[in-house]
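Residue numbers (the numbering used here): 1255 to 1523.
A short worksheet on the structure shown next.
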């Protein structure tokens, strides 16, 4: 067996080495023999091999092409795995097999954009079990009025029901990361948490509302290109006080605001 290439700092590589954590992740995924799995960032294949023993098929995306030989050796004898050497940020997730289960130790330096891409492919994904930086994990499950509540909280909870699974010690990785890690469970919703008239507008409204956290909603929305003439009427129609800030709104209020803006066409194109 050849020597594995050293971890690349520019890719934020921290390879999982603890078999007990692998078992806990696989148990949390609760895979059935007829399910397909997507893994992002298989690294040296320790989790990938365990997934192959539980799922019908495993499709793994690895950006580091130098790990190709290492993965081939680690997964020798696994006939139900396909390794795609490429950038996970560029992969067309809407081409996934329906009912796919995502199980991944997401690269921490690109975890948020990757999560948004996965949520956007919600129609193909049944559930996700993701290892994330603890700070990001807290954002996923945060509620209104907390410092962790933000865009990631609202847009994740709109499509999924996130919960904290378990925490993972830095000693379970090589090299040890400087941040703590947490596994999050994300069963996808069959229907969104709230009904929206125009989903792209809903997403834009959430992003614009949190773009300037210290500003009131009218000011933040205006600064992000929404029409000043429509903002106050939309807030009134949604029953939201003009002095409110984004961190105080529940998801249903963001939906009501976006729906009111959609009806008023209050956007400057």
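Where a beta carbon is used, it is the ideal one built from N, C-alpha and C, also for glycine.
On a predicted model such as this, the values are computed, not experimentally measured, just so you know.
| Asked | Found |
| --- | --- |
| Per DSSP, the bridge partner or partners of residue 1293 | 1314 |
| Reduced DSSP secondary structure (H/G/I, E/B, other) of residue 1519 | The predicted position of residue 1519 is uncertain, since its pLDDT is 49 and thus under 50; no value can be drawn from it. |
| Exposure of residue 1357, with buried meaning 16 or more beta-carbon neighbours within 10 Å | buried |
| Per DSSP, the bridge partner or partners of residue 1428 | 1269 |
| Inter-residue spacing [alpha-carbon to alpha-carbon] between residue 1433 and residue 1304 | 25 Å |
| Whole alpha helix (DSSP H) elements within the segment 1377–1419, 4-residue minimum | 1388–1395 and 1405–1413 |
| Range covered by the beta strand (DSSP E) that runs through residue 1494 | Per DSSP, residue 1494 belongs to no beta strand (DSSP E) and is neither H nor E. |
| Coil, strand or helix - residue 1474 by DSSP | helix |
| Pair within 8 Å by beta-carbon distance, residue 1373 and residue 1409 | yes |
| Coarse secondary structure for residue 1336, derived from DSSP in three states | strand |
| Residue 1323, enclosing alpha helix (DSSP H) - first and last residue | 1322–1328 |
| Reference residue 1502, options 1369, 1403 and 1480, closest by Cα | 1403 |
| Boundaries of the alpha helix (DSSP H) in which residue 1460 is found, first to last residue | 1453–1464 |
| Contacting residues, own chain, Cβ-Cβ under 6 Å from residue 1441 (five flanking each side not counted) | 1381 and 1415 |
| Where the beta strand (DSSP E) through residue 1435 begins and ends | 1435–1441 |
| Residue 1385 versus 1417, 1401 and 1377, residue with shortest Cα-Cα distance | 1417 |
| Opening and closing residue of the beta strand (DSSP E) in which residue 1358 lies | 1354–1359 |
| Paired residues, beta bridge with residue 1504 - DSSP | Its beta-bridge partners do not exist; DSSP assigns none. |
| Residue 1448 (DSSP reduced to helix, strand or coil) | coil |
| Residue closest to residue 1445, alpha-carbon to alpha-carbon, out of 1287, 1376, 1424 and 1399 | 1376 |
| Nearest-angstrom beta carbon gap, residue 1405 and residue 1464 [assumed within contact, 8 Å] | 5 Å |
| Assigned exposure category for residue 1451 - 16 Cβ within 10 Å defines buried | exposed |
| Best match in 1371, 1399 and 1353 for proximity to residue 1378 [C-alpha to C-alpha] | 1353 |
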